[in-house]
Amino acid sequence: MAAKKTETASELAARAQLEAAQNSGQYLTFVLGGEVYALGILNIKEIIQYGDLTEVPMMPSFIRGVINLRGRVVPVVDLAARFGRGVTSVSRRTSIVIIEMAQSEENEGQSIGVMVDAVNEVVDIAAAEIEPPPSFGAKIRPDFISGMAKQAGRFIIVLNLDRVLSIEEMVALGQTLSGAEVPATESEHAS
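The sequence shown begins at 1 in full-length UniProt numbering and counts up one residue at a time.
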């Protein structure tokens, strides 16, 4: 029977320090439901004013629709709805943050719009200022949080972009919510 390796306190601290170092840098801060969130700026392409969206039938509630951005079709995710908090109310400060998701062997990179209540500013957050995410008490899934930072007496929730905008998870969730099933192949229709 194989022995399960457990991490020592120093190994845990070293791993947490490494993750924090990877998280240090510049972040775009924005407001969503009265709380301040942050995203690393490296994946952010641009910020646009909220405009007309084209709704797409059979999409989960957190996909508000698509926009045409210089000839590209860009899906727009309502972060409040993605976090299970209901849809965002549109105001004059509502913005769409355009994010370029990393490319992989399967796809060439996907632009995704993220709908937020208001964009604040770009801030520098040092690695030492980023604490591990809380294991309880957060109003969103813990795996969506990369860490917590405190600046000027306020908490900033640093989001884990890869988890929040996981294409695979959003597609699977969308299929579950809409009751969509995998279409039958032609060979199944022939029988």
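For every residue, glycine included, the Cβ atom is placed at its ideal position computed from N, Cα and C. In this text the structure is predicted, and so the values were computed from the model without any measurement.
Which of the three DSSP states is assigned to residue i in this structure?
i	result
residue 100	strand
residue 152	coil
residue 64	strand
residue 262	For residue 262 there is no data in the structure shown, the boundaries of the chain being 1 and 191.
residue 54	strand
In whole angstroms, what separates the C-alpha of residue i from that of residue j?
i	j	result
residue 149	residue 111	27 Å
residue 119	residue 26	14 Å
residue 54	residue 130	38 Å
residue 146	residue 159	5 Å
residue 73	residue 56	12 Å
residue 33	residue 44	21 Å
residue 71	residue 168	24 Å
residue 64	residue 128	36 Å
residue 89	residue 42	28 Å
residue 59	residue 86	15 Å
residue 91	residue 51	11 Å
residue 157	residue 62	20 Å
From which residue to which residue does the beta strand (DSSP E) around residue i run?
i	result
residue 72	72 to 78
residue 111	110 to 116
residue 25	25 to 32
residue 44	44 to 49
residue 40	35 to 40
Counting along the chain, where does the alpha helix (DSSP H) carrying residue i start and finish?
i	result
residue 163	161 to 164
Under 8 Å Cβ to Cβ from residue i, same chain only, skipping five residues before and after it: list those, please.
i	result
residue 30	36, 37, 38, 39, 95, 97, 116, 117, 118, 119, 120
residue 143	160, 163
residue 154	36
residue 165	77, 99, 101, 112, 114
Counting only the same chain and skipping the five closest in sequence on each side, list residues whose C-beta sits under 6 Å from that of residue i.
i	result
residue 125	27, 149
residue 47	95, 97, 119
Near residue i, what residues of its chain come up, given a Cβ to Cβ distance below 7 Å and the 5 sequence neighbours on each side ignored?
i	result
residue 93	117, 118
Any contact between the segment 71 to 90 and the segment 121 to 135? By contact I mean 3 or more CB pairs, one from each, below 8 Å. Fewer than three beta-carbon pairs drawn from the segment 71 to 90 and the segment 121 to 135 are found closer than 8 Å, and the two stretches are therefore not classed as touching.
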